[in-house]
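Participant:
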Amino acid sequence: MTTMNRRTLLRAAALAGAATATGLAGGPAASAATGVNGPWIVTGSPGVLQINPGRTTPQVLLAQGGDAAASPDGRYLAVIGQKPGPAFDPTLDLYDRVTGESRTLITDPFGVHYGWPTWSPDSTEVALVIGGSRLVAVNVATGARRVLVEGHHMARPNWSRDGSMIVTEWFSRSDGGQLRVLELATGKARLVYQRVPGEFADHAVFTPDSQRIVFSTNRWYLDQERHNQSLASVRLGGTGLKLLTDEPRFIISPVFSPDGRYCAALSVPDSNPEPDGGNIIVFTSGFGEPWWIPGDEYDDSMRLDWAPAV
Numbered sequence: 005m006t007t008m009n010r011r012t013l014l015r016a017a018a019l020a021g022a023a024t025a026t027g028l029a030g031g032p033a034a035s036a037a038t039g040v041n042g043p044w045i046v047t048g049s050p051g052v053l054q055i056n057p058g059r060t061t062p063q064v065l066l067a068q069g070g071d072a073a074a075s076p077d078g079r080y081l082a083v084i085g086q087k088p089g090p091a092f093d094p095t096l097d098l099y100d101r102v103t104g105e106s107r108t109l110i111t112d113p114f115g116v117h118y119g120w121p122t123w124s125p126d127s128t129e130v131a132l133v134i135g136g137s138r139l140v141a142v143n144v145a146t147g148a149r150r151v152l153v154e155g156h157h158m159a160r161p162n163w164s165r166d167g168s169m170i171v172t173e174w175f176s177r178s179d180g181g182q183l184r185v186l187e188l189a190t191g192k193a194r195l196v197y198q199r200v201p202g203e204f205a206d207h208a209v210f211t212p213d214s215q216r217i218v219f220s221t222n223r224w225y226l227d228q229e230r231h232n233q234s235l236a237s238v239r240l241g242g243t244g245l246k247l248l249t250d251e252p253r254f255i256i257s258p259v260f261s262p263d264g265r266y267c268a269a270l271s272v273p274d275s276n277p278e279p280d281g282g283n284i285i286v287f288t289s290g291f292g293e294p295w296w297i298p299g300d301e302y303d304d305s306m307r308l309d310w311a312p313a314v
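The structure is reproduced here in structure tokens:
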């Protein structure tokens, strides 16, 4: 078999996997996913990109913008931006995936940092970290804000699909880096994972059933470089720590498909020696044999989301 033939077969296999995960292939899996799973959304140095099923070249949605997150109803992307001109005030913008238009939801004076929006499951609110130490929910219709928790350094929140919790990276003055789950009904932020010395544990997300937390960690590779990481999961009570991926690699921003049957992340193929954000890798819900989404690399990619079909 020639090299060209091998490449062709590998490419076809990857595209077939992508088609199944996005509901574009035949068979039972596709039937269940059709009309649910849509494109991948990648945020990085080129702006906000959309990776359409079966395509290899990203579609540029926005030339600028950060931390884009798709609403559960599929209509909007919440994007961190900034006002043009000399002020450069931060903005939380809503990009309409149907019309291609954007509107600013909230803004603050220059110097206030916005980070990592996450949607409520009914698509009525967007939560984000403002100023590094205040987790705020913003009403999509009115722009009204409500403070969920404040006073501790937080990053990269993720809203559970049952609507009752938000998990976030949390820095404790006494205990260092942690993952905590905020119970919205009580306002209590419960510890679910404590980093060990030298560990990075970040990009935490809920599993679709809202029973476990999946996150990126170098816990099993503390003697290696930073980009040797794995995906792991832990129960909400802090027990049942489980290694999900069986080899160290640069891997960040896990996200579950809208139908809950797959998990994708940003990673780097073995053929690329530089941990620059790389390509999209997709796992089944059991984290078995993954496949890569073929196409251009997304240099300096920082966030991946999986949008519903619209």
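In terms of the numbering used here, the sequence shown opens at residue 5 and continues consecutively.
Note that the Cβ used here is the ideal one computed from N, Cα and C, for glycine as well.
Since the model is a prediction, treat every value here as computed from it, not as a measurement.
Which ranges does the beta strand (DSSP E) cover as unbroken runs of at least 3 residues, wholly within the region 226–256, from first to last along the chain?
Facilitator: List check, beta strand (DSSP E) in window: 234–239.
Participant: Would you report the Cα separation of L240 and R184, rounded to the nearest angstrom?
Facilitator: For L240 and R184, the distance between alpha carbons rounds to 9 Å.
Participant: Give me the DSSP bridge partner(s) of I45.
Facilitator: The partner list for I45 (beta bridge, DSSP) reads Q54, D309.
Participant: Alpha carbon to alpha carbon, how far is F92 from V83?
Facilitator: About 15 Å.
Participant: Going by other Cβ atoms of all chains shown within 10 Å of its Cβ, with 16 needed for buried, is F114 buried or exposed?
Facilitator: Exposed, by the Cβ-count rule.
Participant: Please report the distance separating the alpha-carbon of E293 from that of F287.
Facilitator: Between E293 and F287, the C-alpha separation is close to 7 Å.
Participant: Within the same chain, show all residues whose beta-carbon is closer than 7 Å to that of Q182, passing over the 5 residues directly before and after it, in chain order.
Facilitator: Correct list, in chain order: W174, S176, L195, Y197, Q198, R199.
Participant: Assuming the contact rule is C-beta atoms closer than 8 Å, P258 and S220 should be a hit. Round their C-beta distance to whole Å, please.
Facilitator: Correct: roughly 7 Å between the Cβ atoms.
Participant: I'd like to confirm something about L81: is its beta-carbon nearer than 6 Å to some heavy atom of the ligand PLP, or not?
Facilitator: Of the ligands one can find in the structure shown there are none, so the ligand PLP has no counterpart to examine.
Participant: Per the contact definition of three or more C-beta pairs closer than 8 Å, is the region 222–236 in contact with the region 152–161?
Facilitator: Verdict: no, contact absent.
Participant: Check the C-beta distance from N41 over to D179 and give it rounded, since I have them as a contact under 8 Å.
Facilitator: So it is not a contact: roughly 39 Å between Cβ atoms.
Participant: For the beta strand (DSSP E) containing T122, name the first residue and the last one.
Facilitator: Here the beta strand (DSSP E) through T122 covers 118–123.
Participant: Exposed or buried, which one is S305 when buried takes at least 16 other CB atoms within 10 Å?
Facilitator: Classification for S305: buried.
Participant: Any idea if A148 is buried or exposed, counting beta-carbon neighbours within 10 angstroms, 16 or more meaning buried?
Facilitator: A148 should be labelled exposed.
Participant: Taking the straight line between their C-alpha atoms, what separation do you get for H231 and V272?
Facilitator: Computed Cα separation, rounded: 10 Å.
Participant: With distances taken Cα to Cα, identify the nearest neighbour of E203 among H117, E187, A236.
Facilitator: Here the closest residue by C-alpha is A236.
Participant: Could you pull out every residue in the same chain whose Cβ sits closer than 6 Å to the Cβ of T128, ignoring the five residues on either side in sequence?
Facilitator: Excluding residues within five positions, the ones whose Cβ falls inside 6 Å are V144.
Participant: Quick check on R101: does DSSP put it in helix, strand or coil?
Facilitator: Looking at R101 - three-state DSSP - the assignment turns out to be coil, as it is neither helix nor strand.
Participant: Would you tell me roughly how many angstroms separate the C-alpha atoms of Q54 and W120, rounded to the nearest one?
Facilitator: Cα-Cα distance, rounded: 18 Å.
Participant: For L255 and L270, what's the separation of their Cα atoms in angstroms?
Facilitator: Before going further, note that residue 255 is Ile rather than Leu in the sequence given. One C-alpha to the other measures close to 6 Å.
Participant: Hey, would you say V133 sits closer than 7 Å to V142, going by beta carbons?
Facilitator: Cβ atoms of V133 and V142: not closer than 7 Å.
Participant: Given a threshold of 16 other Cβ atoms within 10 Å of its Cβ, counted over all protein chains shown, does D97 qualify as buried or as exposed?
Facilitator: Under this definition D97 is a buried residue.
Participant: With a cut-off of 8 Å on the beta carbons, I'd call F291 and V209 a contact; round off their distance for me.
Facilitator: Not really, about 14 Å apart at Cβ, beyond 8 Å.
Participant: Could you tell me which residues DSSP pairs with S178 in its beta bridges?
Facilitator: Answer is none; S178 lacks a bridge partner.
Participant: Around the C-beta of R101, are 16 or more other C-beta atoms found within 10 angstroms, so that it is buried, or is it exposed?
Facilitator: The residue is buried, with at least 16 neighbouring Cβ atoms inside 10 Å.
Participant: If you draw a straight line from the C-alpha of S35 to the C-alpha of P312, how long is it?
Facilitator: For S35, the predicted structure reports a pLDDT of 34, less than 50, and the residue's modelled location is therefore unreliable. The matter cannot be settled from this model.
Participant: Relative to the C-alpha of I170, which candidate in H207, P88, R107, Y266 has its C-alpha closest?
Facilitator: Nearest option by C-alpha distance: H207.
Participant: Apart from the five residues on each side of it in sequence, which residues of its chain come closer than 7 Å, Cβ to Cβ, to H157?
Facilitator: Here the set comprises G136, S137, F175.
Participant: Could you compute how far the alpha carbon of R253 sits from the alpha carbon of T146?
Facilitator: Computed Cα separation, rounded: 42 Å.
Participant: From which residue to which residue does the beta strand (DSSP E) around L188 run?
Facilitator: Run containing L188: none; DSSP gives neither H nor E here.
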